[in-house]
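Chains as they are written, first to last, in our numbering: chain A, 482 to 849; chain B, 482 to 849.
Each residue gets a CB set at the ideal place from its N, CA and C atoms; glycine is no exception.
Computed from a predicted model, the values in this text were never measured in an experiment.
Everything below concerns the one structure shown next.
Quick look at the structure:
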């Protein structure tokens with residue numbers, strides 16, 4: 482279907498540039514249009530993995546917590562211990578609700594002493610944090626600031642970004658960031674992004690400067706073969722970057738979602754959902770997100786999750802995503818698999834439009 | 482752009498039927514596809530206002546609060562006093578956050594003694610209510626149940642629905658409902674819906690029975706000229722049914738959104754946001770949602786909110802929606818207008834793709 486436009490669904494400051502550069506399909510993410518692909522997804526993949534790609538990810542909204550109680554509140558809502566969160570160093574910080582369900586997996590950036598941004602996936606964390614803070618009566622202000630990320634990703638991303646902002650960006654370590662003003666454009670330059678190709682996220686702090694920033698990056702990237710793009714379905718599955726809401730279902734917890742390493746259950750860290758996670762841990766895991774190697778001819782992604790079963794036809798879980806990997810020349814899947822079918826090497830069957838296909842369970846990230 | 486499909490965006494049990502019947506544009510609402518129009522929106526309007534229209538509004542999700550503390554919690558989160566909420570009689574119940582911002586405007590249905598559904602607009606009330614309940618430690622379970630509304634709207638809706646479920650539906654008063662099982666299909670039949678043409682919402686309680694229910698209604702509606710449709714942009718503006726997120730901005734309160742009549746500020750009703758609303762009331766209103774009569778040739782809807790100014794060029798607010806009304810043969814607008822420009826009869830200027838147009842402020846609902 483054609484995506485209708487209306488005041489309820491917003492556009493990022495980069496949308497017009499992104500559309501003009503060739504984006505043709507989109508989805509809605511945080512009530513904002515997220516362009517997803519050009520007419521040639523293979524060329525999108527190639528630019529990202531071999532040159533440099535420019536992504537309108539303005540829909541990756543920030544939830545800004547500011548005030549005397551900001552750090553205390555952020556520590557309370559994050560499953561990861563943020564007590565040592567430093568200005569200039571971002572941290573991946575899964576958020577759980579009181580029942581231990583994973584409700585988002587943002588990156589936390591402390592941009593100044595009393596100001597923290599959660600750079601969020603597609604769920605309404607603004608509403609949720611305000612509810613918790615309102616009940617606790619914390620002394621904070623929580624807003625969605627005028628901040629729109631633009632991602633520059635790929636092996637030539639560093640050359641591109643250095644040509645705009647200077648050679649200092651080459652020294653920036655992974656997940657480190659710096660807040661600058663470049664030719665009147667206020668932004669945070671962070672070495673990060675939702676690919677494993679390396680690159681930067683530019684957190685633009687003035688929505689009126691979106692096209693100016695886009696043009697600067699585009700011009701600097703032209704010698705390096707820059708192309709418009711978007712978070713890449715195949716690349717992120719090959720390298721397993723969790724897509725909250727795609728790889729997870731509404732009840733997934735962080736351990737089931739394969740990001741349990743980012744949860745701090747130690748006694749010194751109290752947080753929303755901890756009690757529930759400890760109780761679940763006591764009972765042992767019942768399901769887990771795992772990789773699938775799926776046999777046969779290249780498969781297209783499914784619009785919706787599909788079945789996963791044992792060779793005898795009994796249910797084994799749910800296949801959330803399927804992609805044909807250009808790198809491995811192999812069909813890959815991500816599936817929520819029920820114990821004990823989650824053991825690597827287990828043979829299962831995946832539902833596809835062409836019938837059931839044999840598949841083998843594997844650990845994440847894929848190691849092929 | 483084309484709407485991409487993926488596991489993060491869900492389909493309702495009626496989606497395939499709705500697409501097969503001719504829906505061509507869609508948006509995403511509560512992370513679910515909401516079909517919006519066929520290739521002929523004028524025919525969509527005509528069927529709704531003269532015959533009967535069938536809408537896939539499965540994206541109007543329910544937030545179910547169940548348990549010993551359910552009524553107490555629902556009373557606490559609703560700006561309207563729900564202490565007298567009866568089984569079988571729905572109530573429109575605006576929800577505010579702790580700062581008094583309108584965060585949703587659901588209909589509340591008490592489906593049994595300890596079970597209440599909030600039938601919500603496009604914001605994540607499940608997440609929000611769970612946060613509040615989690616902090617309060619209420620004895621409730623809060624879920625999104627397998628409930629998908631299908632709307633039958635228009636002057637022949639009653640004949641259509643009576644032909645399926647029986648003559649008793651003719652006796653059902655506005656906003657009254659009955660929970661039934663029809664030929665193995667569990668559902669709630671409610672006289673309600675997001676149009677002023679009369680009709681019913683059928684809250685299907687088993688997602689596997691969606692196509693069966695659709696086919697029953699479709700067959701019964703054929704003698705009455707049934708057509709596939711969707712919440713109708715022009716009709717709902719002509720009759721002013723609030724579209725949360727379209728007519729409101731993230732900071733609108735219920736009084737600014739022209740639904741203050743549904744807020745109970747009396748001493749006996751304590752609720753989230755009450756303190757903030759009382760404080761704002763003390764200071765007096767600063768802006769208000771009003772109607773606009775816009776001069777000139779028929780205007781198409783804007784994809785985004787546009788400007789609103791005084792004849793001298795100073796800002797007067799923001800125009801949220803524009804529609805050409807088939808009924809009044811007149812361009813109508815909904816705008817958040819700053820005091821004192823909100824007085825009926827005030828002459829203003831509206832930004833359009835064809836330049837600024839003269840407009841006159843009017844009360845809501847329109848009375849032409």
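query, result
"Taking only three categories from DSSP, how would you classify residue 560/A?", "coil"
"If you draw a straight line from the alpha carbon of residue 711/B to that of residue 668/B, how long is it in whole angstroms?", "20 Å"
"Taking beta-carbon pairs under 7 Å, can you tell me which members of the segment 601-613 of chain A lie near chain B?", "603, 604, 605, 608, 609, 611, 612, 613"
"Could you check what DSSP says for residue 777/A in three-state terms: helix, strand or coil?", "coil"
"When you check each C-beta in the segment 803-834 of chain A against every C-beta of chain B, which residues fall closer than 9 Å?", "none"
"Quick one: which chain B residues come within Cβ less than 8 Å of residue 584/A?", "608"
"Note down, in chain order, every chain A residue with its Cβ under 9 Å from the Cβ of residue 727/B.", "487, 488, 489"
"Chain B partners of residue 545/A, CB-CB under 7 Å?", "By Cβ distance, chain B contributes nothing, its closest Cβ being about 13 Å from residue 545/A, past 7 Å."
"If you compare alpha carbons, which of 841/A, 684/A, 496/A is closest to residue 598/A?", "684/A"
"At the 8 Å Cβ level, is residue 504/B part of the contact set with chain A, yes or no?", "yes"
"Locate the beta strand (DSSP E) running through residue 510/A, then write down its first and last residues.", "506-510"
"Among 769/A, 718/A, 848/A, 490/A, which one has its Cα closest to the Cα of residue 515/A?", "490/A"
"Hey, out of 833/A, 735/A, 744/A, whose CA is closest to residue 778/A's CA?", "833/A"
"Short of 8 Å Cβ to Cβ, which residues in the segment 613-626 of chain A face chain B?", "613, 614, 615, 616, 617, 625"
"Considering only the alpha carbon of each residue, which of 676/B, 792/B, 844/B, 605/B lies closest to residue 825/B?", "844/B"
"Return the CA-CA distance between residue 708/A and residue 528/A, expressed in angstroms with no decimal places.", "6 Å"
"Quick check: the segment 639-658 of chain B against the segment 616-626 of chain B, are at least 3 beta-carbon pairs closer than 8 Å?", "no"
"How would you list, in chain order, the residues of chain B whose beta-carbon sits under 8 Å from the beta-carbon of residue 541/A?", "In chain order: nothing, as chain B lies at least about 14 Å away."
"Curious, which full-length beta strand (DSSP E) runs of at least 3 residues does the segment 666-701 of chain A contain?", "666-671, 680-685"
"Mind listing the chain A neighbours of residue 866/B? Cutoff is C-beta to C-beta under 9 Å, in chain order.", "There is simply no residue 866/B to check, as chain B begins at 482 and stops at 849 in what is shown."
"Decide yes or no for the touch test of the segment 576-591 of chain A against the segment 631-650 of chain A: beta carbon pairs closer than 8 Å, at least 3 of them.", "no"
"Along chain B, in chain order, which residues have C-beta atoms closer than 7 Å to that of residue 796/A?", "Ordered by position in chain B, no residue passes the 7 Å Cβ test against residue 796/A, which lies about 16 Å from the chain."
"Between the beta-carbon of residue 840/A and the beta-carbon of residue 814/A, is there less than 8 Å?", "yes"
"Where residue 700/B and residue 519/B are concerned, what is the direct C-alpha to C-alpha distance, given to the nearest angstrom?", "20 Å"
"Let me see if you follow: with CB-CB separation under 8 Å, is residue 517/A close to chain B or not?", "yes"
"Assign residue 723/B to one of two classes, buried (16 or more other C-beta atoms within 10 Å of its C-beta) or exposed (fewer than that).", "buried"
"Which residue or residues does DSSP assign as beta-bridge partners of residue 583/A?", "577/A"
"Under 8 Å, CB to CB, which of the residues in the segment 749-770 of chain B have a partner in chain A?", "753"
"Using a Cβ-Cβ cutoff of 7 Å, what residues of the segment 552-583 of chain A are near chain B? List them in chain order.", "578, 579"
"What residues from the segment 649-675 of chain B come within 9 Å of chain A, judged by C-beta to C-beta, listed N to C?", "none"
"To the nearest angstrom, report how far apart residue 624/B and residue 547/B are at their CA atoms.", "9 Å"
"Indicate whether residue 484/B and residue 544/B have their beta-carbon atoms separated by less than 8 Å.", "no"
"Short of 9 Å Cβ to Cβ, which residues in the segment 836-847 of chain B face chain A?", "none"
"Of the residues 628/B, 771/B, 806/B, 749/B, which one's Cα is nearest the Cα of residue 493/B?", "628/B"
"Pop quiz: residue 499/B and residue 550/B are said to be a contact at Cβ under 8 Å. What is the actual Cβ separation, rounded to whole angstroms?", "Residue 499/B to residue 550/B, Cβ: 38 Å. No contact."
"Go through its chain and collect everything with a Cβ distance to residue 476/A's Cβ below 6 Å, but skip five positions before and after it.", "In the structure displayed, chain A extends from 482 to 849; residue 476/A sits before or after that span and is not available."
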